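Visitor: Right, I'll just put the structure down here and ask away after.
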Amino acid sequence: MSSPKRIQPMPAPLVNQIAAGEVVERPASVIKELLENALDAGATRIDIDVEQGGIRRIRIRDNGHGIHRDDLPLALATHATSKIRDIDDLEKVRSLGFRGEALPSIASVSRLSLTSRWHDSEQAWMIRAEHGSEPLIEPAAHAVGTSVEVRDLFFNIPARRKFLRTEKTEFNHLDEVVKRIALSRFDVQISLQHNRRACRQLKVAQNREQQEARLAEVCGQAFIEQAVFTEFAVGEADDGLRLWGWMALPTYSRSQADMQYFYVNGRMVRDKVVSHAVRQAYADVLYHGRHPAYVLFLEMDPAGVDVNAHPGKHEVRFRQSRSVHDFIFRALHKSLAEIRQGDSAAHAVQHFAARPAALATTAAGAYNDTAEGTARRPAYAQQSMSLAAAGRQGVAEHSRAYQQFMQPILSSGEVAKPAAGGTGDDIPPLGHALAQLHGIYILAQNAQGLVLVDMHAAHERITYERLKQAYAEQGIRSQPLLVPETLSVSEKEADFAESHRDMFRQLGFDIDRSGPQTLKIREVPALLANGDVETLLRDVLADLITHGDSQRIHEQINEVLSTMACHGSVRANRKLTVPEMDALLRDMEATERSGQCNHGRPTWIQIGIDELDKMFMRGR
Ligand code: ADP
Ligand code: MG
Numbered sequence: 138m139s140s141p142k143r144i145q146p147m148p149a150p151l152v153n154q155i156a157a158g159e160v161v162e163r164p165a166s167v168i169k170e171l172l173e174n175a176l177d178a179g180a181t182r183i184d185i186d187v188e189q190g191g192i193r194r195i196r197i198r199d200n201g202h203g204i205h206r207d208d209l210p211l212a213l214a215t216h217a218t219s220k221i222r223d224i225d226d227l228e229k230v231r232s233l234g235f236r237g238e239a240l241p242s243i244a245s246v247s248r249l250s251l252t253s254r255w256h257d258s259e260q261a262w263m264i265r266a267e268h269g270s271e272p273l274i275e276p277a278a279h280a281v282g283t284s285v286e287v288r289d290l291f292f293n294i295p296a297r298r299k300f301l302r303t304e305k306t307e308f309n310h311l312d313e314v315v316k317r318i319a320l321s322r323f324d325v326q327i328s329l330q331h332n333r334r335a336c337r338q339l340k341v342a343q344n345r346e347q348q349e350a351r352l353a354e355v356c357g358q359a360f361i362e363q364a365v366f367t368e369f370a371v372g373e374a375d376d377g378l379r380l381w382g383w384m385a386l387p388t389y390s391r392s393q394a395d396m397q398y399f400y401v402n403g404r405m406v407r408d409k410v411v412s413h414a415v416r417q418a419y420a421d422v423l424y425h426g427r428h429p430a431y432v433l434f435l436e437m438d439p440a441g442v443d444v445n446a447h448p449g450k451h452e453v454r455f456r457q458s459r460s461v462h463d464f465i466f467r468a469l470h471k472s473l474a475e476i477r478q479g480d481s482a483a484h485a486v487q488h489f490a491a492r493p494a495a496l497a498t499t500a501a502g503a504y505n506d507t508a509e510g511t512a513r514r515p516a517y518a519q520q521s522m523s524l525a526a527a528g529r530q531g532v533a534e535h536s537r538a539y540q541q542f543m544q545p546i547l548s549s550g551e552v553a554k555p556a557a558g559g560t561g562d563d564i565p566p567l568g569h570a571l572a573q574l575h576g577i578y579i580l581a582q583n584a585q586g587l588v589l590v591d592m593h594a595a596h597e598r599i600t601y602e603r604l605k606q607a608y609a610e611q612g613i614r615s616q617p618l619l620v621p622e623t624l625s626v627s628e629k630e631a632d633f634a635e636s637h638r639d640m641f642r643q644l645g646f647d648i649d650r651s652g653p654q655t656l657k658i659r660e661v662p663a664l665l666a667n668g669d670v671e672t673l674l675r676d677v678l679a680d681l682i683t684h685g686d687s688q689r690i691h692e693q694i695n696e697v698l699s700t701m702a703c704h705g706s707v708r709a710n711r712k713l714t715v716p717e718m719d720a721l722l723r724d725m726e727a728t729e730r731s732g733q734c735n736h737g738r739p740t741w742i743q744i745g746i747d748e749l750d751k752m753f754m755r756g757r
């Protein structure tokens, strides 16, 4: 061990370089800090110009309020800021920056110059950071606003420079930051140029249509085609939370969590509370291991959120994290539940309520007039329709065949909850069945053209939703078996079944233990009475045992119901009559989340007459 050393204060440049270790990792982090400064200065136009992935040079020019000449040295000094004055300001901070660390940190690991003209000044000034001596200030030409130029990042720290990746990788990181910021501020014009080539040109987006154009530019056309606009608000009494933005349909799920943009008061965050709430909202409609895509904005009282939790400021701490979590979960869960018949960007879900517990839908589809024009749909996408229309046409007719077909699923024997209100001669949203194809698909005709339905997937979803409802309301209706069945199981399974009889009752099973390794099944869920009871029970047992104690089971009960729904749904190759098919279509229209099966696959698609015409080159 070397000899002990005495304590010394660190020189300022070293302090800055150490701080830079936290906030400046790569060109992308420089861009983030500079963009945030421009936005904090009230810029409405920002032009970014980078070379070699930003390693060689980054230049950002804004039209914000600029910096006073006398403040220029302070801008580059550690812990100097114009954004907060005391600790109370920090409580309610609205600006993106406030730590006064970014510029000095960046300046300590690059060659930085800053040119600025203060909003009521005639003259612009430039300051250049000099490593080791006082910065230089000289007159310059510049409109009101600021330009910052950062050259040769990490030129003086070879160890960090080594960690930089290829120009292309660094540029991608940088572009991702630009995208995030671009989505957070539709009111700001942003351009990005790389190696003298224009990469992004984002105009100010004032209305929904323009915002969706920016979304398409940033997240891709497919995202916006597969996304719904949603908006929720709760009253002042509950901190005045507001959540709005776009969420992709479950069918647009991704293998990576790479298209998840969540902003809290305009600041992009990656937060555990938030991502858990979103994941839970999608849990019911997404395959395991798939990730939802969304661009969402949470607005709330700044006092309710602590942004000073991380130097990079991408983590936040909610003071009421439980209620924020529940609000986000409920809002998104409800929106997803209301997506039926494949709404897309053309459809908006809007909600206002007095308190989160009672989120109510009002005026669903009220935005259709403005949004309809922005619908850009792939050839075979599901067709949008307003919930109002779907609800109105609802379940207009119910044939006897339908009653027989669906009867066992329902505990009450009553067929459909939504009241029939259609006029009869309207064409229902999913149309009238024409035929069955290969025992798998239903072909139907509606106003737009042809509808194709995957009958197993659709029936599975309907059964699942019914089971959930029945389970929650009074337990699933059971039916005695004519001859009780004996099932041999492991001792562990027998123990489990014995100690959870009530749980099985709730699920529609009546089971007795008849030996160390045998169970006697007396009653089964009515809808499954004709199915393979043994396999079903084995699957349900396996599900329940996997989920462990009964609290966990309670949380995972939907998975159990989903397994049951799968067993109880029409199999491929089952012949359905036209009235049975019509009944299934009507039921889809009345069922929440019927656009996707329990695994997130689509249940139906629309092929418009115009698409058919195109296929046959039939001009009209
Ligand atoms: P912070 O943003 O945390 O205050 P910075 O080091 O990023 O700290 O910036 C220091 C100060 O310089 C800011 O508080 C602000 O007053 C000023 N500043 C930086 N960039 C700009 C800009 N683009 N336009 C106007 N003022 C700026
Ligand atoms: Mg800053």
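Using the numbering used here, the first residue of the sequence shown is number 138, and each one after it goes up by one. Ideal Cβ positions, reconstructed from N, Cα and C, are used throughout, including at glycine. Remember, predicted model here, so these are calculated numbers, not experimental data.
What residue from Tyr419, Leu619, Ser321 and Ser458 has the CA that sits closest to Ser472's CA?
Guide: Here the closest residue by C-alpha is Tyr419.
Visitor: When you compare each of Phe434, His413, Asn402 and Tyr389 to Gly441 by their alpha carbons, which one comes out closest?
Guide: Nearest C-alpha to Gly441: Asn402.
Visitor: Please state the DSSP three-state secondary structure of Gln606.
Guide: Under the three-state reduction of DSSP output, Gln606 falls in the helix class.
Visitor: Given this structure, state the Cα-to-Cα distance separating Arg337 from Ile327, to the nearest angstrom.
Guide: 8 Å
Visitor: So, is Glu259 buried or exposed, given that buried needs 16 or more other C-beta atoms within 10 angstroms?
Guide: exposed
Visitor: Do the region 453-473 and the region 243-263 meet, that is, are 3 or more Cβ pairs less than 8 Å apart?
Guide: Fewer than three Cβ pairs drawn from the region 453-473 and the region 243-263 lie within less than 8 Å of each other, which leaves the two stretches out of contact.
Visitor: On the three-state DSSP scale, how would you describe Gln330?
Guide: strand
Visitor: With a 10 Å radius around its C-beta and 16 neighbouring C-beta atoms as the bar for buried, classify Gly382 as buried or exposed.
Guide: Label assigned to Gly382: buried.
Visitor: Say the cut is 6 Å; is the CB of Ser766 nearer than that to a heavy atom of ligand 1?
Guide: Here the chain has residues from 138 to 757 only, and residue 766 is not among them.
Visitor: Are Ser250 and Glu286 close, meaning C-beta to C-beta below 7 Å?
Guide: Pairing Ser250 with Glu286 gives a Cβ-Cβ distance under 7 Å.
Visitor: Using a 10 Å radius around the Cβ and a threshold of 16 neighbouring Cβ atoms, would you call His488 buried or exposed?
Guide: The pLDDT assigned to His488 is 45, lower than 50, so where the model puts this residue is not dependable; a value taken from the coordinates is nonetheless given after this. Buried is the call here.
Visitor: Please tell me whether Pro241 and Asn153 are closer than 7 Å, where the distance is taken between their beta carbons.
Guide: yes
Visitor: Could you give the C-beta distance for Leu681 and Val697, rounded to a whole number, given that I count them as a contact under 8 Å?
Guide: A Cβ-Cβ separation of about 6 Å places Leu681 in contact with Val697 under the 8 Å criterion.
Visitor: Rounded to whole angstroms, how far is the Cβ of Ala214 from the Cβ of Thr252, which I believe are closer than 8 Å?
Guide: Actually they do not touch by this definition, with Cβ atoms about 18 Å apart.
Visitor: Could you spell out where the alpha helix (DSSP H) holding Ala474 opens and where it closes?
Guide: Ser458 to Glu475
Visitor: For Val432, which of helix, strand or coil comes out of DSSP?
Guide: strand
Visitor: Answer with buried or exposed for Val453, where buried requires no fewer than 16 other C-beta atoms within 10 angstroms of its C-beta.
Guide: Val453 is buried by the Cβ-count criterion.
Visitor: Quick one: what's Thr283 bridged to in DSSP?
Guide: Asp199 and Ser253
Visitor: What residues does ligand 2 have around it, judged by CB closer than 6 Å to any heavy atom, in chain order?
Guide: Glu170, Glu173, Asn174, Gly234 and Ala239
Visitor: Can you tell me whether Ser759 is buried or exposed, with buried defined as 16 or more other CB within 10 angstroms of its CB?
Guide: Coverage of the chain is limited to positions 138 through 757, which leaves residue 759 absent and any answer about it impossible.
Visitor: Looking at the structure shown, is Phe633 part of a helix, part of a strand, or coil, going by DSSP?
Guide: helix
Visitor: Rounded to a whole number of angstroms, what is the C-alpha to C-alpha distance between Thr700 and Leu587?
Guide: Their Cα atoms are separated by approximately 31 Å.
Visitor: Where does the unbroken beta strand (DSSP E) through Ser219 begin, and where does it stop?
Guide: Per DSSP, Ser219 belongs to no beta strand (DSSP E) and is neither H nor E.
Visitor: What does the Cβ neighbour count give for Arg322, buried or exposed, with the cut at 16 atoms within 10 Å?
Guide: For Arg322, the number of other beta carbons within 10 angstroms of its own is at least 16, and it is reported as buried.
Visitor: What do you reckon, is the C-beta of Asp324 under 6 Å from a heavy atom of ligand 1?
Guide: Within the chosen limit of 6 Å, ligand 1 does not reach the beta carbon of Asp324 with any heavy atom.
Visitor: Given the structure, does Gly382 come close to ligand 1, in the sense that its CB is under 6 Å from one of the ligand's heavy atoms?
Guide: Gly382 Cβ: outside cutoff for every heavy atom of ligand 1.
Visitor: Please report the straight-line C-alpha distance between Trp741 and His569, rounded to a whole angstrom.
Guide: 14 Å
Visitor: For Val355, name the three-state secondary structure that DSSP assigns.
Guide: helix
Visitor: Using a 10 Å radius around the Cβ and a threshold of 16 neighbouring Cβ atoms, would you call Ile224 buried or exposed?
Guide: Around the Cβ of Ile224, a 10 Å sphere holds fewer than 16 other Cβ atoms; the residue is exposed.
Visitor: Which of the three DSSP states is assigned to Asp289 in this structure?
Guide: coil
Visitor: Buried or exposed: which applies to Ser392, given that a residue is buried once 16 or more other Cβ atoms fall within 10 Å of its Cβ?
Guide: So Ser392 ends up on the exposed side.
Visitor: Mapping DSSP to helix, strand and coil, what is Thr388?
Guide: helix
Visitor: Under 6 Å from any heavy atom of ligand 1, does the C-beta of Ile204 make it?
Guide: yes
Visitor: Ignore the nearest five residues each way along the sequence and tell me which others in Arg676's own chain have a CB closer than 6 Å to its CB.
Guide: In the sequence under discussion, the amino acid at residue 676 is Asp, which differs from the Arg named in the question. Hits under 6 Å: Thr700.
Visitor: Can you list, in chain order, the residues of its chain with a C-beta nearer than 7 Å to that of Leu233? Leave out the 5 residues immediately preceding and following it.
Guide: Glu173, Leu176, Asp177 and Arg404
Visitor: Have a look at Gly190 and Ile564 and give me their C-alpha separation to the nearest angstrom.
Guide: A straight-line Cα-Cα distance of about 56 Å links Gly190 and Ile564.
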